[in-house]
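Working notes, beginning with the structure itself.
Number of protein chains: 2
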Amino acid sequence: MSSVSRRDELLDLVTDHVLEHGLIGLTLRPVAAAIGTSDRMLLYHFGSRDDLVTAVVTRTEERAIAAVDALPPADGVRAGVNRLWEAYQRDPMHGCLDVYVQAAATGLIGQEPYRSAVLEANERWVRALRDYLVRCGAPADRVGRIVMLVDSSLFGFQLDLATDRPGELARGVDDLAAAAQALGSETMRS
Amino acid sequence: MSSVSRRDELLDLVTDHVLEHGLIGLTLRPVAAAIGTSDRMLLYHFGSRDDLVTAVVTRTEERAIAAVDALPPADGVRAGVNRLWEAYQRDPMHGCLDVYVQAAATGLIGQEPYRSAVLEANERWVRALRDYLVRCGAPADRVGRIVMLVDSSLFGFQLDLATDRPGELARGVDDLAAAAQALGSETMRS
DNA sequence: AGGGTTGTGTAGCAGTCGCTACATCGCCAA
DNA sequence: TTGGCGATGTAGCGACTGCTACACAACCCT
Numbered sequence: 032m033s034s035v036s037r038r039d040e041l042l043d044l045v046t047d048h049v050l051e052h053g054l055i056g057l058t059l060r061p062v063a064a065a066i067g068t069s070d071r072m073l074l075y076h077f078g079s080r081d082d083l084v085t086a087v088v089t090r091t092e093e094r095a096i097a098a099v100d101a102l103p104p105a106d107g108v109r110a111g112v113n114r115l116w117e118a119y120q121r122d123p124m125h126g127c128l129d130v131y132v133q134a135a136a137t138g139l140i141g142q143e144p145y146r147s148a149v150l151e152a153n154e155r156w157v158r159a160l161r162d163y164l165v166r167c168g169a170p171a172d173r174v175g176r177i178v179m180l181v182d183s184s185l186f187g188f189q190l191d192l193a194t195d196r197p198g199e200l201a202r203g204v205d206d207l208a209a210a211a212q213a214l215g216s217e218t219m220r221s
Numbered sequence: 032m033s034s035v036s037r038r039d040e041l042l043d044l045v046t047d048h049v050l051e052h053g054l055i056g057l058t059l060r061p062v063a064a065a066i067g068t069s070d071r072m073l074l075y076h077f078g079s080r081d082d083l084v085t086a087v088v089t090r091t092e093e094r095a096i097a098a099v100d101a102l103p104p105a106d107g108v109r110a111g112v113n114r115l116w117e118a119y120q121r122d123p124m125h126g127c128l129d130v131y132v133q134a135a136a137t138g139l140i141g142q143e144p145y146r147s148a149v150l151e152a153n154e155r156w157v158r159a160l161r162d163y164l165v166r167c168g169a170p171a172d173r174v175g176r177i178v179m180l181v182d183s184s185l186f187g188f189q190l191d192l193a194t195d196r197p198g199e200l201a202r203g204v205d206d207l208a209a210a211a212q213a214l215g216s217e218t219m220r221s
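Heads up: the protein sequence lines correspond to chains A and B, in order. For what it's worth, the numbering used here labels the leading residue of the first sequence as 32, then goes sequentially. For what it's worth, the numbering used here labels the leading residue of the second sequence as 32, then goes sequentially.
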């Protein structure tokens, strides 16, 4: 049936619009007008604004994960983290992660549907990150610990991207990358 | 004159309300009713909603900085970062940083006044963090690099606080703390 | 004593919000 | 042919938004 594909088509258009204009403050009529439809149709295909938001968050996350999956592995964890950071700053990942951060910030105070959407998205995201770092040579028995450090920290750098100069951030990221590398190769102290 | 103090009084009340109900989606009438005044009065004292938001962001940041300044220094950078993280999870810092993250996420797409407010707040915040780490024994010539790593990363952990279990995050934070400590004590490799 | 500033209440403006009722198309199956 | 069903347009609902006009009371300065 055509309704499913039409919904998918609309979802991609809405997602593109959100990537440019932000998730926070998204309202139906402007986005509908921008993509050549009406709020009436968005409600018809998605049920409610909340369901639309959830779908957009999921779609951006799918794109981001696809970008990570397509990233050629680097030689070692340190190089891998740095390559990851380069990808964070380029499209399509940059915009997708911005959307994720906006959703996570909104969900911080427990606001639905953001909180649940981010919770599920984060789970899949961590899995993609882990797979990538394994491909870069991270030892399987420590990759969980590495990902915990790298994932959280890189989101922080992503947040600071709006306030700090990218050059200085890059040095911080490399320090993080070196620490992640050490987590994988050194003997654990504690 | 009393108008300044009345404004200040209102600002504290609004800030308390924002700490509970979030900055994103803040509207005048509900917050005014909750603190026993009217939207009319908020506009009178703050000029516009945007100016109110800016003032709230600045006030929460002042509270957070005061909490950092009041934090007893730890012995060494690693212990300092861990103590910082403990403070992040307690009030008053926890709520304040949530508000900061919400403002930063909104400012990510260049939306004013969030972007400018966060930009200025971040500058003062980094200064407070650096002072604290110096008090913990961070070497003065490397504390800038340490703060760059710690500040960004801890914001990431703050974001993940909504999705991950605090216990697992704590291990990640300690890994970060160890890396920060190493940055201050080891011979730089690059 | 009286004029101006400052704070506050009442009422309302124009605009936007998510959402819905209703009518209407075109299509495929019986 | 016709009847039902998916898709769409029109119009509008009640609620809410930031903000403002106007009146009034209390105070300080002269």
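Glycine included, C-beta positions come from ideal geometry on N, C-alpha and C.
Nearest chain A C-beta to residue i closer than 8 Å, yes or no?
i	result
Asp106/B	no
Ala210/B	yes
Arg176/B	yes
Leu73/B	no
Asp81/B	no
Val149/B	yes
Ile140/B	yes
Val62/B	no
Thr91/B	no
Ala135/B	yes
Arg146/B	yes
Ser216/B	no
Val132/B	yes
Hey, is residue i's beta-carbon within less than 8 Å of any beta-carbon in chain B?
i	result
His48/A	no
Phe226/A	Because chain A is modelled from 32 through 221, residue 226/A falls outside the range shown and cannot be assessed.
His52/A	yes
Thr68/A	no
Leu41/A	no
Ser36/A	no
Leu180/A	yes
Leu57/A	no
Leu44/A	no
Mapping DSSP to helix, strand and coil, what is residue i?
i	result
Ala71/A	The sequence as given places Arg at residue 71/A; Ala does not occur at that position. It is helical.
Arg37/A	helix
Ser216/A	helix
Arg109/B	helix
Ala135/B	helix
Pro197/B	helix
Ala169/A	coil
Gln189/A	helix
Glu92/A	helix
Arg146/A	helix
Ser221/B	Low confidence applies here, because Ser221/B scores a pLDDT of 45, under 50, leaving its location unreliable; read the following figure in that light. If DSSP states are grouped into helix, strand and coil, Ser221/B belongs with coil.
Ile66/B	coil
Leu102/B	coil
Pro123/A	coil
Ser79/B	coil
Gly53/A	coil
Gly203/B	helix
Gly175/A	helix
Thr58/A	coil
Met32/A	Low confidence applies here, because Met32/A scores a pLDDT of 47, under 50, leaving its location unreliable and the question unanswered by this model.
Near residue i, what residues of its chain come up, given a Cβ to Cβ distance below 7 Å and the 5 sequence neighbours on each side ignored?
i	result
Pro144/B	Asp81, Val84, Thr85
Ala171/B	Val165
Gln133/B	Gly53, Leu54, Ile55
Ala135/B	Val149
Asp205/B	Asn113
What does a CB cutoff of less than 6 Å around residue i pick up in its chain, not counting 5 residues either side in sequence?
i	result
Arg90/A	Leu42, Thr46
Arg60/B	Asp70
Ala63/A	Ser69, Asp70, Leu73
Ala213/A	none
Ala169/A	Val108, Ile177, Gly215
Arg146/B	Gly138
Residues in its own chain within less than 8 Å of residue i by CB, not counting five upstream and five downstream?
i	result
Gln189/B	Tyr119, Leu128, Asp129, Val132
Ala98/A	Ala118, Pro123, Met124, Cys127
Glu92/B	Cys127, Tyr131, Ala152, Arg155, Trp156
Asp100/A	Ala159, Asp162, Tyr163
Arg196/B	none
Ala209/A	Arg109
Arg37/A	His76
Leu200/A	Phe188, Asp191, Leu192
Residues of the segment 190-203 of chain A with Cβ closer than 9 Å to any Cβ of chain B, in chain order: Those residues of the segment 190-203 of chain A placed with their C-beta closer than 9 Å to a C-beta in chain B are Leu190, Asp191, Leu192, Ala193, Thr194, Asp195, Glu199, Leu200, Arg202, Gly203, ordered along the chain.
Residues from the segment 161-172 of chain B in contact with chain A, defined by Cβ distance under 8 Å: Of all residues in the segment 161-172 of chain B, none is placed with a Cβ closer than 8 Å to any Cβ belonging to chain A.
Within 8 Å of chain B by C-beta, residues of the segment 96-125 of chain A in sequence order: In summary, no residue of the segment 96-125 of chain A has a CB separated from any CB of chain B by less than 8 Å.
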